[in-house]
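Take any residue in the sequence shown, note its place counting from 1, add 1293, and you have its number in my numbering. Glycine included, C-beta positions come from ideal geometry on N, C-alpha and C. Here is the structure we will look at.
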Amino acid sequence: MSTDDPDRPLTRAELRARREAEEAATAREAETPATPDQGGVPDPGTAPDLGGAPEPVAAPEPSVIPEPAAETDPEPEAQPGAAAAAPMPSVPEPAPRSEPAQDPDPEPEAQPEPEAQPDPRFADPEWTPHPTPEPVKRKRRFPLIVGAVIGVLVLVGAAFAVISLLQGPRIDKVEIDTQAAIDASGARMVITTSQAIAKVDPKQVTVNPATPFTVDTSGRTLGLRFTVPLNDATKYTVTVNDVTGTDKQRPSTLRAAFETPKATIFLLQRKADADDTIFLTDLGGEQAVPVLKHAKIDDFRATTDHLVISTEKDGTSQLLVTDRKGKNQRELKLPGPGFVSNLQVSERGNLVGYVFTDKGISATSGRASVLVTQSLAGGDPQIVTLGDKTPSIAQWSFVPDTSSALFIDFTGALYVQDRADLKTAPTTLGFAQSIEGVSRGTYTAVISRTGELVQLDLKDGSEKPLPASTPDFGAPGTIAPFPGGTLRQVPTRDATGLPTGQIVARVGDDGTAKKVFGVTGSDAIMQACPSPSGQYSAIVVAPNLVNNPYDTSLLPLPTTMQTHIIDTTSGKELVVLAGFDPSWCAAAPHR
């Protein structure tokens, strides 16, 4: 096939040769001036005719524009007589691939154009990910770490165990209910030690300030039970000497301290034109809080968990129980419609007791002044019986720290019975005229026998005379025991024997006496009660008794009543509070 065929597609080499020839011809025309024979500027599309065979056109220098590296075909020589191709648009072409020399006569096959390659100057940098640790190494490292930690803990624990054994027992924890400790006897202090300890003798234990106690030992636990209530706002220190482990080696000293809270007291206020109110107050009287209100309150008693209130409803008694905040009120069942008096509670037995008389009693029917006890949790009331008879009770009292009741019937016989065990019959203790009181923690009652005051041991029935006071203030009218002594209310007289007033004296167990309070004229002491520990005394006074009328309660008392709080040791008066029936007293005042 002829290479001059205009319809044949040109190869890249031919296209490039044509373009270079055109560029060379253009350059020569720019350098050679036009002649008249030529008639102007030659046609840039053809080579000038010089009358001979055409000379090959010299190839221009390579372009300075970089092109992608590629193999190029050798450029064929220009054919004689070949017409110059028309100029091509100025479009950059990829570098042609080199081809072997060929005969110009045969028509070369058309080669496909290569794909455009991206400019490496604008290519994104290659991203290399952070090397990941081999999973096998991580799995191996974790058990090693865990094993090392466990090993360290085992070594530390073993070291502490060895140190503990070498040092002897130490205190790990101390527990005590300090509020209960000042409200009632029997509070327990529990000391937990670092190891099991040998039995501790009470002689190894010292309590400061001095307080009676009992001791028990079990495993790692050392228990102290305080047999009397503790003083308020006081720091107590317990020291236990020569404590050893169960191997009885390496003795150590245990020392623990605690501080008791400030004391509070409940009081009753009656009002003719408003509800009666029970208040809880501190001993300064500045933080009095009303706890319970009712139209008619005859009496109340308090435990560490409850208030028991005797009220009036439809002309008869009603017995209510609440918590110490006056909430969660409920009613206790009575033996029937009637009247309640001499209300008392047993902290240890969780019991309430009272004297009950039927409404509408007559000479031939009804119960008069029978002693009743029942659980504060509820249930049926239990009436005290002697054999098949129901005796009338002249006086009675719960024995502190027990569920037992001490009572005198109308014949003057004295009995004691555990009201938590009703199958056991009451035990007779002879005859008595009155029960003055029962000491906390000692089970000792002060009673009057034919005008003589004696101390009766309720555990074995033994008795001894109550020591006279020094100085002798005279025969007491009432006696209220407390840990370490008694409060004695004594009338004062002039030289002719006429009463001039009253005093309250503190008398120690050894008989040493000191006057702590007194009134004269028409003022009257209605009641004198020590606080649970005997640290303070609450003395109820009816001022100007002549002009102080009694109210209309089932338990009538003077309309105006005041309670004086006294430091029992020094006799210093702390405050005077409006109200009566202080919760420190075992029973309400009576006249």
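By how many angstroms is the C-alpha of residue j removed from the C-alpha of residue i?
i: Ile1602; j: Lys1626; result: 13 Å
i: Leu1850; j: Ala1550; result: 45 Å
i: Tyr1736; j: Val1747; result: 14 Å
i: Gln1622; j: Val1614; result: 6 Å
i: Thr1504; j: Phe1649; result: 39 Å
i: Val1731; j: Val1692; result: 6 Å
i: Phe1873; j: Ala1698; result: 25 Å
i: Gly1794; j: Leu1838; result: 12 Å
i: Pro1875; j: Thr1704; result: 31 Å
i: Thr1485; j: Met1854; result: 48 Å
i: Gln1726; j: Tyr1708; result: 12 Å
i: Thr1319; j: Ala1306; result: 20 Å
i: Gly1577; j: Ser1755; result: 42 Å
i: Leu1308; j: Glu1315; result: 11 Å
i: Gln1460; j: Asp1494; result: 21 Å
i: Ala1588; j: Asp1802; result: 43 Å
i: Gln1580; j: Pro1776; result: 28 Å
i: Val1536; j: Val1633; result: 53 Å
With 16 as the cutoff for other CB atoms within 10 Å, does residue i come out buried or exposed?
i: Arg1548; result: exposed
i: His1885; result: Since the first residue shown for the chain is 1294 and the last is 1884, residue 1885 is missing from the structure and cannot be characterised.
i: Ile1701; result: buried
i: Gln1782; result: buried
i: Asp1470; result: exposed
i: Ala1768; result: exposed
i: Tyr1829; result: buried
i: Ser1356; result: With a pLDDT of only 40 at Ser1356, under 50, the local geometry of the prediction cannot be trusted, and the value read off the model is given with reservation. Exposed is the call here.
i: Ala1788; result: exposed
i: Arg1786; result: exposed
i: Ala1376; result: Low per-residue confidence applies at Ala1376: pLDDT is 39, beneath 50, and the placement is therefore not dependable enough to give any value.
i: Ser1295; result: For Ser1295, the pLDDT reaches just 46, beneath the cut-off of 50, and the residue's location in the model is therefore unreliable, although a value from the coordinates is still provided. So Ser1295 counts as exposed.
i: Asp1694; result: buried
i: Val1812; result: buried
i: Ala1340; result: Per-residue confidence for Ala1340 stands at a pLDDT of 43, beneath the threshold of 50, marking its modelled position as unreliable; no derived number is given.
i: Pro1774; result: buried
i: Thr1657; result: exposed
i: Gln1688; result: buried
i: Gly1672; result: exposed
i: Leu1791; result: exposed
Which residue or residues does DSSP assign as beta-bridge partners of residue i?
i: Cys1822; result: Ala1831
i: Val1501; result: Note that residue 1501 is Asn in the sequence shown here, rather than Val. Asn1501 is bridged to Thr1530.
i: Met1482; result: Leu1517
i: Glu1745; result: Arg1742
i: Val1709; result: Leu1699 and Thr1720
i: Val1445; result: According to DSSP, which records beta bridges pairwise, Val1445 is partnered with nothing at all.
i: Val1812; result: Gln1795
i: Gln1885; result: Nothing in the structure corresponds to residue 1885, since the chain is present only between 1294 and 1884.
i: Ala1773; result: Leu1780
i: Phe1649; result: Val1633 and Val1663
Is residue i helix, strand or coil by DSSP?
i: Ile1469; result: coil
i: Gln1265; result: The shown model of the chain, from 1294 to 1884, leaves out residue 1265, and the question about it has no answer.
i: Pro1495; result: helix
i: Asp1540; result: coil
i: Asp1575; result: strand
i: Gly1801; result: strand
i: Glu1316; result: helix
i: Glu1640; result: coil
i: Asp1598; result: coil
i: Ala1252; result: Here the chain comprises residues numbered 1294 to 1884, so residue 1252 is not present and cannot be evaluated.
i: Pro1436; result: helix
i: Gly1778; result: strand
i: Gly1621; result: One detail in the question is off: residue 1621 reads as Asn in this sequence, not Gly. Reduced to three states, the DSSP call for Asn1621 is coil.
i: Asn1635; result: strand
i: Gln1460; result: helix
i: Gly1450; result: helix
i: Val1839; result: helix
i: Arg1786; result: strand
i: Arg1548; result: strand
i: Leu1613; result: strand
i: Leu1560; result: strand
i: Leu1585; result: strand
i: Ile1670; result: Residue 1670 is actually Ala in this sequence, not Ile. Correct three-state label for Ala1670: coil.
i: Ala1761; result: coil
i: Ala1879; result: coil
i: Ala1244; result: This structure cannot settle anything about residue 1244, because the visible part of the chain is limited to 1294 through 1884.
Inter-stretch contact at 8 Å, needing at least 3 Cβ pairs: the stretch 1442-1451 / the stretch 1524-1533: No, because fewer than three Cβ pairs between the stretch 1442-1451 and the stretch 1524-1533 fall closer than 8 Å, the two stretches do not touch.
At least 3 beta-carbon pairs within less than 8 Å: the stretch 1868-1880 vs the stretch 1659-1668: Segments in contact, no.
Three or more C-beta pairs closer than 8 Å, one from the stretch 1563-1573 and one from the stretch 1508-1521: is that the case here? With a cut-off of 8 Å, the stretch 1508-1521 and the stretch 1563-1573 do not count as touching, because too few Cβ pairs lie within range.
At least 3 beta-carbon pairs within less than 8 Å: the stretch 1832-1847 vs the stretch 1805-1824: When C-beta atoms of the stretch 1832-1847 are compared with those of the stretch 1805-1824, three or more pairs fall below 8 Å, so the two segments count as touching.
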